[in-house]
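Undergrad:
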Amino acid sequence: MKKPRLGLAVFAVVGIIVLVLVGVRINQGIKSRGQAVSQMDLRPRIDPISVQVELVSRGTVEEVAVLSGSLEPCYQVDVSPRRAGRLASVAAEVGQRVKPGDVLAVMEHDDLLLQEQQSLAALAASRGSLKRAQAQRDRVQADYERIKRLYEERAATQQELKNVQNQLEEANIQLEIAKAQLDQAEANYALLQLQLSQAVIEAPVEGVVMELHAVPGSQVGANSPLAAIAGIDPIEVVFFISERDIGRVHSDQELTVYVDAFPDRAFPGAVARLGAAIEPRTRTLQVRGRLPNEGLLLRPGMFARVELVMARAEEVLTIPREALMTSTTGYYVYVAKDGTARMQTIQIGLQGAEQVQVIAGLQEGDAVITVGQQRLQDGRPIRVIDVSDGGRGR
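Heads up, the sequence shown is in our numbering, so the first residue is 45 and it goes up one at a time.
1) If distances are taken between C-alpha atoms only, which option among Met-387, Arg-356 and Glu-351 comes closest to Ala-367?
2) Nearest-angstrom Cα distance between Gln-162 and Ala-231?
3) Of all the options Val-377, Ala-357 and Met-346, which has the alpha carbon lying nearest to the alpha carbon of Arg-365?
4) Mapping DSSP to helix, strand and coil, what is Ala-168?
5) Roughly how many angstroms lie between the CA atoms of Arg-469 and Gln-399, to the nearest whole one?
6) What span of residues does the alpha helix (DSSP H) with Asp-227 cover, start to end?
7) Do Glu-287 and Leu-361 have their beta-carbon atoms positioned less than 9 Å apart in this structure?
8) Answer with buried or exposed for Arg-317, where buried requires no fewer than 16 other C-beta atoms within 10 angstroms of its C-beta.
9) Would you mind stating whether Glu-250 and Pro-144 have Cβ atoms separated by less than 9 Å?
10) Taking all protein chains shown into account, decide if Ser-112 is buried (16 or more other Cβ within 10 angstroms of its Cβ) or exposed.
11) Sort out for me which residues DSSP pairs Lys-381 with in a bridge.
12) Is the region 89-96 close to the region 338-354, with three or more CB pairs under 8 Å?
13) Starting from Glu-359 and walking both ways along the beta strand (DSSP E), at which residues does that stretch end?
14) List the residues that DSSP assigns as beta-bridge partners of Thr-300.
15) Using the Cβ count rule (16 or more neighbours within 10 Å means buried), how would you classify Phe-306?
16) Using the rule of at least 16 other Cβ atoms within 10 Å of the residue's Cβ for burial, across every protein chain shown, is Val-110 buried or exposed?
17) How far does the beta strand (DSSP E) with Asp-422 in it extend, from its first residue to its last?
18) Out of curiosity, what's the CA-to-CA distance linking Gln-421 and Asp-433?
19) Would you identify the three-state DSSP class for Val-184, choosing helix, strand or coil?
20) By Cβ distance, which residues of its chain are closer than 6 Å to Ala-243, with the 5 residues on each side in sequence left out?
21) Could you give the C-beta distance for Val-402 and Ile-413, rounded to a whole number, given that I count them as a contact under 8 Å?
22) Could you tell me which of Val-350, Val-208 and Val-253 sits nearest to Val-303, measuring between CA atoms?
23) With burial defined as no fewer than 16 other Cβ atoms inside 10 Å of the residue's Cβ, what is the status of Val-259: buried or exposed?
24) Provide the residue span of the beta strand (DSSP E) that contains Val-29, from first to last.
25) Distance check for Ala-357 and Ile-279, CA to CA, integer angstroms please.
26) Taking the Cβ atom as the reference point for each residue, do Val-105 and Gly-396 lie within a distance shorter than 9 Å?
27) Is the region 116-131 close to the region 218-233, with three or more CB pairs under 8 Å?
28) Quick test of the definition: if touching needs 3 or more C-beta pairs under 8 Å, does the region 155-169 touch the region 289-301?
Shown next as structure tokens:
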């Protein structure tokens, strides 16, 4: 009766051992899974960086040099009276636009007007004297022809012929004297006309009155400065370029001028001429540009900022300047591709104010990152929040 009880006890002990082993195994599995989950939670999560991109496109890139200069007239002419006298009136004002022949001032000339009347009277008298001398010569010439014919017919004496010859010679002399007197009268009248014209001081050229030293009633001397007329439409901008850039600048090259008085306005123009010699101290060359100035907004003496187009490339691959990155080995950009940023080495050409020419490394339509690239590394996840199709120039 005791043997069956012993078997049951052994069976119970074995069952307990099995249950304990199974529990230990389950507990170890649970711990392992917990440790794995804990290790996964400890690994850092990489969040995508928000970026903006622009598509590589074709356009025009201009390399522009920014230079300092000043505005000057195209020309300036000093106006002086050609005779001394007193000013009767002044017709011009500083800043007034004038053209050739416009009256600037008038000098007193009453004495010349009186002399003109006297000269006209003398001229009329001389013309009358010439007319009478011509008539007298014609009568004597007719008498001479008649007496000569009679003498040839032996109807007049030699003395009669000699007398009429003397009369003809005298008539010719009087005629020449009358002609000379008329010439003198005409010369006197022409001189008075010249003096009268000199009493009126006129603008010799088209331009703007820049200076005026004239007051009615003031005494002026011959050839003393009375006014200055300058050509400021068009107006010129004077600036200097480096010796190394001389070969890149030529006549008719485009330029744009900006002045402080009108900061939001651009004034287009072109190179008019280059200087003849290098300035030895600064190793620079003077350049003169010319630009329209119809409203006379631009004034001589203004400081100017000149943007000169040094080179232009058209229909080339371009990227925004802000997308360009530099390293010790050259230039590179970040390209957005499949949700990641890919570093791409590129070769560039002209660099404009906003756009850069790409010679190699990119294709049209590639999405280069323009905002957020400073935080990127190759392969970093990104999130594109804005896409531009490019198309800008310069």
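Glycine residues also receive a C-beta, built at the ideal position from the N, C-alpha and C atoms. Note that this is a predicted model, so its numbers are computed, not measured.
TA: So, from the data block:
1) Met-387
2) Roughly 13 Å between the two C-alpha positions.
3) Val-377
4) helix
5) As displayed, the chain neither begins before 45 nor continues past 438, which places residue 469 out of reach and without an answer.
6) Note, Asp-227: alpha helix (DSSP H), 202-243.
7) no
8) exposed
9) yes
10) exposed
11) Thr-384
12) no
13) 347-364
14) Pro-312 and Glu-351
15) exposed
16) exposed
17) That residue, Asp-422, is in no beta strand (DSSP E); it is neither H nor E in DSSP.
18) Looking at the two C-alpha atoms, the distance is approximately 24 Å.
19) Val-184 falls in the helix class under three-state DSSP.
20) Correct list, in chain order: Met-151 and His-153.
21) That pair is no contact at about 15 Å.
22) Val-350
23) exposed
24) Nothing can be reported for residue 29: it is not among the residues displayed for the chain, which extend from 45 to 438.
25) 29 Å
26) yes
27) Verdict: no, contact absent.
28) no
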